[in-house]
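With the numbering used here applied, the sequence shown has no gaps in its numbers, which climb one by one up to 382 at the end.
The beta carbon of each residue, even a glycine, is placed where N, CA and C say it ideally should be.
The structure appears below as structure tokens.
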Amino acid sequence: MASQQVNTTILRSPNDWENWYHDLQSAIWPEIWEILNPEGPEKSTLSRPEKPTFAEYHTGAERYSDLSQSEQKSFMNAQHIYEVDLKGYTQQTQKIQDVRSKIQLLVSDVKKALLLINKSTREWLRILIDGTKPNAAMAQQAAELRYRNAIIPLRTTASKVVLPWIEEWETAMAEGIRAELPHALNTQAWMRDFCAAIRGIAESVATSYELKLSEGIQVLSFQAVGSAFRSWYCTRYPSSMTHRVTIRGSAFETSFAGENANPEREEADTTNQGASSAENSRKRQRAPTSATNDRQKAKRARCKACDRPHDISRCWLAVEASRPPGWKPSQKAVDDFKKRLQKQKSLAELVEKARAEYQDQA
21 MASQQVNTTI LRSPNDWENW YHDLQSAIWP EIWEILNPEG PEKSTLSRPE KPTFAEYHTG
81 AERYSDLSQS EQKSFMNAQH IYEVDLKGYT QQTQKIQDVR SKIQLLVSDV KKALLLINKS
141 TREWLRILID GTKPNAAMAQ QAAELRYRNA IIPLRTTASK VVLPWIEEWE TAMAEGIRAE
201 LPHALNTQAW MRDFCAAIRG IAESVATSYE LKLSEGIQVL SFQAVGSAFR SWYCTRYPSS
261 MTHRVTIRGS AFETSFAGEN ANPEREEADT TNQGASSAEN SRKRQRAPTS ATNDRQKAKR
321 ARCKACDRPH DISRCWLAVE ASRPPGWKPS QKAVDDFKKR LQKQKSLAEL VEKARAEYQD
381 QA
């Protein structure tokens, strides 16, 4: 159900607005959003229905048995309508209350102070828009910067570089279209930029797309282009996809298990593996000490938010406030984090605790 989706972005500044607002809206039932949409026409909520009474159908009646047969039938029809209306009213009220609670959880304490209890949920959203939403020029400037960074030419075929690059390019294109960035809206423009970026590792792919453009073929979507390039890469460099992709590190580094950025070094390492193993086997084995065991346990302990070997309080993915300026996680890292939050109820509590501890220390 849409109302059960997880939003992990905390609204603190204009930089958070687009993702926060998009995630919030996508998690709300469409019929409820029509009521709460602060930028749309105002729509009234359902009123609590009046429960029918016996006296409405027979003067002085206090019990069902005081009614005649025809009056009982009319009363039962009214009672049925009341129950249906009450159910609709209760469901709508609960959904709006759920949104209200979600907003309180997903804004900073500073912004929470602006959300007065006597204001409606729609008024809350209006307050947040007025105080946080960046204007069109700011949004376009941010989208432009991300787009330019996303089309920096590829210089290596290493999967730990190429696959995150594709994801970032797709995200930059989506944000560019949302911000009505001219380059993102013009097929000729973004295709030329894309071809220039991949030419260093995919000359044939770049040439084929340029040929399509020269022939006047412009029915290309960036989603289709990104998906096709990803498939080409995985087919062209299958050794890069031997191991399962995992998100590890301090929540900012996308690594691929077993991946080596230098194929020649990887081959050399494989060739020397047997000799190294034989040499190591001749070395004297030492019994593990308690200190060694402690270090091994520390290495095995992984962050529940990103599966990297560090404490969750140091995780940039989970604790947004700890992120260095200009750093942003890949969309895949964010998606994996959301899935973990959905599957592990205890993780949400750990994340909130880690964020609170960071705020206290700050």
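- Contact annotation, V339 with A374: C-beta distance approximately 5 Å; criterion of less than 8 Å satisfied.
- Looking at the DSSP output, L31 sits in a beta bridge with V127.
- At the C-beta level, Y229 and A192 stay beyond 8 Å of one another.
- DSSP places K93 in the helix class (H, G or I) of the three-state scheme.
- If you keep only unbroken alpha helix (DSSP H) runs of at least 4 residues inside the stretch 33-119, you get 34-46, 50-56.
- When the beta-carbon positions are compared, L174 and G220 come within less than 8 Å of each other.
- Between the C-alpha atoms of H78 and Q117 there is a straight-line separation of about 39 Å.
- Using a Cβ distance threshold of 8 Å, P349 and L337 count as a contacting pair.
- Less than 8 Å separates the beta-carbon of P154 from that of P34.
- P184 sits in a helix when the DSSP states are folded into three classes.
- Rounded to whole angstroms, the separation of the alpha carbons of I171 and C254 is 20 Å.
- In this structure, the CA atom of D36 is about 24 Å from the CA atom of I55.
- In this chain, the alpha helix (DSSP H) harbouring Y378 covers 365-381.
- L240 sits close to M211, with the two beta carbons spaced by under 8 Å.
- Taking C-alpha positions only, K180 is separated from A159 by approximately 29 Å.
- Rounded to the nearest whole angstrom, the CA to CA distance from Q381 to S366 is 23 Å.
- In the DSSP assignment, I332 falls outside any alpha helix (DSSP H), carrying neither H nor E.
- Secondary structure at I147: helix, using DSSP grouped into helix, strand and coil.
- The DSSP-derived three-state label of E230 is helix.
- Each of T207, S247, D356, F249 was checked against the Cα of G236, and the nearest Cα belongs to T207.
- Between the stretch 132-149 and the stretch 93-112 there are fewer than three inter-stretch CB-CB distances shorter than 8 Å, so the stretches are not counted as touching.
- For T177, same chain residues with a beta-carbon under 6 Å away, outside a window of 5 residues either side, are I221, Y257 in chain order.
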